[in-house]
Amino acid sequence: MAGKRSAAERKAFYGRIDPLHMAPLWETFHELVTPEPVTPCVPSHWAYERVRPHLMEAGRLISAKEAERRVLILENPALRGQASITLSLYAGLQLVLPGETAPCHRHSQSALRLIIEGSGAYTSVNGEPAYMEKGDFIITGAWSWHDHGNDTSEPVVWLDGLDVPLVRFFDASFFERFPEESHPRQRPAGDNAARYGANMMPVGERPHGGHSPVFRYPYARSREALEQMRRLEEWDTHHALKMEFINPADGGPVMPTISAFLQLLPQGFATAPYRSTDGTVYTVIEGRGESIIGDTTIAWRPGDVFVVPSWYSAWHRGLEESVLFSFSDRGVQEKLGLWKERKE
Ligand code: 1HN
Numbered sequence: 003m004a005g006k007r008s009a010a011e012r013k014a015f016y017g018r019i020d021p022l023h024m025a026p027l028w029e030t031f032h033e034l035v036t037p038e039p040v041t042p043c044v045p046s047h048w049a050y051e052r053v054r055p056h057l058m059e060a061g062r063l064i065s066a067k068e069a070e071r072r073v074l075i076l077e078n079p080a081l082r083g084q085a086s087i088t089l090s091l092y093a094g095l096q097l098v099l100p101g102e103t104a105p106c107h108r109h110s111q112s113a114l115r116l117i118i119e120g121s122g123a124y125t126s127v128n129g130e131p132a133y134m135e136k137g138d139f140i141i142t143g144a145w146s147w148h149d150h151g152n153d154t155s156e157p158v159v160w161l162d163g164l165d166v167p168l169v170r171f172f173d174a175s176f177f178e179r180f181p182e183e184s185h186p187r188q189r190p191a192g193d194n195a196a197r198y199g200a201n202m203m204p205v206g207e208r209p210h211g212g213h214s215p216v217f218r219y220p221y222a223r224s225r226e227a228l229e230q231m232r233r234l235e236e237w238d239t240h241h242a243l244k245m246e247f248i249n250p251a252d253g254g255p256v257m258p259t260i261s262a263f264l265q266l267l268p269q270g271f272a273t274a275p276y277r278s279t280d281g282t283v284y285t286v287i288e289g290r291g292e293s294i295i296g297d298t299t300i301a302w303r304p305g306d307v308f309v310v311p312s313w314y315s316a317w318h319r320g321l322e323e324s325v326l327f328s329f330s331d332r333g334v335q336e337k338l339g340l341w342k343e344r345k346e
């Protein structure tokens with residue numbers, strides 16, 4: 003039969019072009035160009051109470067100084083060894099023990115932190131300390147000097163979110179160590195909030211198109227915004243009440259590569275199934291609930307981290323009134339004209 007003969011002939015042909023580092027597009031075309039996103043990522047969940055003892059054990063194994071950053075990476079089970087929680091994003095849990103500092107450095111990667119446990123430790127961004135409370139959202143934009151310290155008597159734990167896989171994809175990573183352990187104090191705590199956090203900006207400054215000039219979004223303020231808005235009871239079918247943290251200089255995402263969100267789910271509220279092309283990392287700040295992601299059910303509590311991969315149908319239910327923080331590469335996809343959502 004012609005078909006059979008031609009299959010063998012084709013295979014032989016593939017063998018002849020292989021040494022030339024060539025391959026037939028027609029054998030993979032439909033895997034490359036799928037009618038809808040087909041992600042290798044899987045839904046996954048890290049329960050804080052299961053992860054925390056290991057993080058504390060890491061605290062006995064290595065100092066923050068020696069480690070550079072004492073972090074346990076949260077790897078998507080389908081992307082082991084790639085330091086990726088989604089194809090484009092990295093997440094990890096970082097521990098800074100009482101009395102420790104983590105050395106000052108800067109890199110091309112953009113970073114966010116969401117404080118999970120502890121209060122009063124600091125991140126210093128370009129020499130200005132930001133003291134952190136539970137639920138606070140901190141950014142260190144690309145190429146900002148940053149070091150951390152904990153002068154309190156309790157450990158501090160936060161979720162790190164970075165665009166490590168994206169920067170690796172672009173082969174665009176640079177890293178520099180600051181010549182001293184900590185950045186010399188350039189500005190007093192609160193200076194950044196005064197300059198950029200009061201819906202004002204010093205005259206003469208122009209929006210710069212990069213990351214938000216605000217580097218700390220205090221939970222007390224964002225929680226109060228949700229509390230005020232909930233009074234209208236205008237619930238969104240798919241999101242309940244969901245707000246994006248913005249760059250006040252241009253209204254865009256907080257960083258070019260990472261968008262971040264805060265969401266209130268009232269007790270008993272179940273969102274309608276929703277999908278979008280931005281694989282999203284969630285952490286629970288308050289409450290208790292569950293999420294159905296494709297065929298996977300995840301029961302979550304404060305400090306837990308879970309992932310909704312690209313184009314998985316997902317819905318969430320607050321068993322108690324709950325607040326979820328999330329981040330994704332949505333802003334990048336929007337800039338590239340790729341982002342899509344589907345409300346079901
Ligand atoms: C980094 O600089 C921090 O500054 C945390 O705390 C995690 C993961 C990859 C690359 C740089 C930090 C990081 C990181």
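Numbering of the sequence shown is given in this note's numbering, commencing with residue 3 and proceeding in unit increments. Cβ atoms here follow ideal geometry from the backbone N, Cα and C, with glycine treated the same way.
Under the Cβ criterion (8 Å, minimum of three pairs), the stretch 236 to 252 does not count as touching the stretch 142 to 161. In this structure, the ligand 1HN has no non-hydrogen atom nearer than 7 Å to the beta-carbon of residue 185. Residue 182 and residue 71 have their C-alpha atoms some 16 Å from each other. Counting of Cβ neighbours within 10 angstroms places residue 257 among the buried residues, the total reaching 16 or more. Excluding residues up to 5 positions away in sequence, 263 lie with their Cβ nearer than 6 Å to the Cβ of residue 246 in the same chain. For the set 259, 255 and 124, the Cα lying nearest the Cα of residue 172 is the one of 259. Excluding the 5 residues flanking it on each side, residue 180 has same chain C-beta neighbours closer than 8 Å at 105, 106, 107, 108, 147 and 149, in chain order. When beta bridges are read from the DSSP output, residue 345 appears opposite 276. In the pairwise beta carbon analysis, the stretch 56 to 63 is classified as not touching the stretch 306 to 316: fewer than three pairs are separated by under 8 Å. Residue environment for residue 134: buried (at least 16 other C-beta atoms within 10 angstroms of its C-beta). Rounded to whole angstroms, the Cβ separation of residue 292 and residue 325 is 15 Å, and the two are not in contact under 8 Å. With a cutoff of 7 Å, residue 92 counts as near the ligand 1HN, since its C-beta is closer than that to a heavy atom of the ligand. A heavy atom of the ligand 1HN is found nearer than 7 Å to the CB of residue 166. With a threshold of 7 Å, the Cβ atom of residue 331 does not count as near the ligand 1HN, since no heavy atom of the ligand is closer than that. Comparing alpha carbon positions, the residue from 54, 266, 215 and 167 closest to residue 249 is 215. Inclusion of residue 50 and residue 305 in the CB contact set at 8 Å is warranted, their separation being smaller than that value. Every unbroken stretch of the alpha helix (DSSP H) spanning 4 or more residues and falling wholly within the stretch 217 to 265 is given here in chain order: 221 to 232. With at least 16 other beta carbons inside 10 angstroms of its own, residue 116 counts as buried. Not one heavy atom of the ligand 1HN falls within 7 Å of the beta-carbon of residue 173.
In the three-state reduction of the DSSP assignment, residue 193 falls in the helix class, which pools H, G and I. In this structure, residue 73 has its CB closer than 7 Å to one or more heavy atoms of the ligand 1HN.
Shown here, residue 314 sits in coil according to DSSP, grouped into three states, outside any helix or strand.
Taking residue 193 as the centre and dropping the five residues before and after it, the same chain places the C-beta of 130 closer than 8 Å to its C-beta, in chain order. The C-beta separation of residue 284 from residue 343 comes to about 16 Å, leaving the pair out of contact by the 8 Å criterion.
By the Cβ criterion, the stretch 74 to 83 is in contact with the stretch 34 to 51, since at least three pairs of Cβ atoms, one from each stretch, lie closer than 8 Å.
DSSP, read as helix, strand or coil, puts residue 28 in helix. Between the ligand 1HN and the CB of residue 84, the shortest heavy atom gap is not smaller than 7 Å. Excluding its 5 nearest sequence neighbours in each direction, residue 337 has no C-beta neighbour in its own chain below 7 Å. With contacts defined as CB atoms closer than 8 Å, residue 132 and residue 217 qualify as a contacting pair.
Excluding residues up to 5 positions away in sequence, 66 and 152 lie with their Cβ nearer than 6 Å to the Cβ of residue 102 in the same chain.
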